[in-house]
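>
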């Protein structure tokens, strides 16, 4: 009977250690994820500028083509 009690005590101790181990892993992963988030924000801004520039270019080409007729 004592072996079962010891087994369950070890099992409970292991289960209680899971949140601490998970928090240590999450703290290690947080910095790279934050860096990726910042990179994605910059990429989205640059992509938006590219779209605006492309729309302006198409409009100018259309306007210049219309004047030539």
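Numbering (my numbering), first residue to last: 1408 to 1476. Glycine residues also receive a C-beta, built at the ideal position from the N, C-alpha and C atoms.
Secondary structure at residue 1467, three-state DSSP: helix, strand or coil?
Residue state, collapsed to three classes: helix.
> Quick one: Cα of residue 1466 to Cα of residue 1425, how far?
59 Å
> Per DSSP, what kind of secondary structure is residue 1408 in: helix, strand or coil?
coil
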